[in-house]
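Worksheet: the structure to be examined is printed underneath.
Numbering (the UniProt record's numbering), first residue to last: 1 to 207.
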């Protein structure tokens, strides 16, 4: 079974971005409670909630704006901008010392997700190979699962042996790499997509 270039690239990018965040996810709560002045478990919970609140506030308006232009270039720019914001998050934790820093970083993370999710879903959906829709959606899901499991196990071990900074740096590097990979789909983008149509991809397939 073959998968076209756009779908394959987006899946691989998703793999690295999720690996980047999974590598420090198991120890983030410990980092916050031990390294951030005045922080406790409640701060961890509020920070996690802030990610979703920020995402919820901005995601639908961003999606509506992207839908007004029936092409994929605006989707692409939103995707890259959001990926840039997301990649900043692990590095920002290297400099976090106060609770307000945690909240700000989590808000940036939520904003990044809001810019990434609508265009990612749109581009991925339009470029699915005909009669392989379930497989290709599942391919992305499986890649996320593998990335999350492997990176979480490795991240916990690295944090135990070498400290928090290493896992944040590794997480940021993976996220940057995943974000940059998405640039490879630019030449396959469609300048115009008719309203109400999600067409299977016709790109050259890769073995």
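C-beta atoms are modelled at their ideal positions from N, C-alpha and C, and glycine is treated no differently. This structure is a prediction, so every number in the text was calculated from the model and none was measured.
On the criterion of 16 or more Cβ atoms from any shown chain inside 10 Å, does residue 54 qualify as buried, or is it exposed? Counting from 1 along the chain shown, the entry for residue 54 is found at position 54. Buried.
Supposed contact pair residue 112 and residue 18 - C-beta distance, whole angstroms, cut 8 Å: Along the chain shown, one-based indexing puts residue 18 at 18. Along the chain shown, one-based indexing puts residue 112 at 112. Not confirmed; about 13 Å, so no contact.
Applying the 10 Å Cβ sphere with the 16-neighbour rule, what's the burial state of residue 94? For the purposes of this step, residue 94 is identified with residue 94 of the chain shown, where counting begins at 1. By the 10 Å Cβ count, residue 94 comes out exposed.
Whether residue 40 touches residue 127 by CB criterion (8 Å): Start at 1 with the first residue of the chain shown, and residue 40 comes out as number 40. Start at 1 with the first residue of the chain shown, and residue 127 comes out as number 127. No.
With H, G and I counted as helix, E and B as strand and the rest as coil, what does DSSP make of residue 37? Here residue 37 refers to the residue found at position 37 of the chain shown. Of the three classes helix, strand and coil, the one that applies to residue 37 here is strand, per DSSP.
Rounded to the nearest angstrom, how far is the Cβ of residue 117 from that of residue 59, given a contact under 8 Å? In the chain shown, residue 117 corresponds to position 117, counting from 1. In the chain shown, residue 59 corresponds to position 59, counting from 1. Separation of the CB atoms of residue 117 and residue 59 is rounded to 6 Å, and the pair is thereby assigned contact status at 8 Å.
Could you tell me which whole beta strand (DSSP E) segments of length 3 or greater appear in the segment 154-193? none
Using the Cβ count rule (16 or more neighbours within 10 Å means buried), how would you classify residue 56? As a working mapping, residue 56 is identified with position 56 in the chain shown. Around the beta-carbon of residue 56, fewer than 16 other beta-carbon atoms lie within 10 Å, marking it exposed.
With a 10 Å radius around its C-beta and 16 neighbouring C-beta atoms as the bar for buried, classify residue 191 as buried or exposed. Along the chain shown, read from residue 1 onward, the residue named residue 191 stands at position 191. By the Cβ neighbour-count rule, residue 191 is exposed, with fewer than 16 other Cβ atoms within 10 Å of its own.
Is the Cβ-Cβ distance between residue 131 and residue 12 less than 8 Å? The residue labelled residue 131 in the question sits at position 131 within the chain shown. The residue labelled residue 12 in the question sits at position 12 within the chain shown. Not in contact: residue 131 and residue 12 (Cβ atoms no closer than 8 Å).
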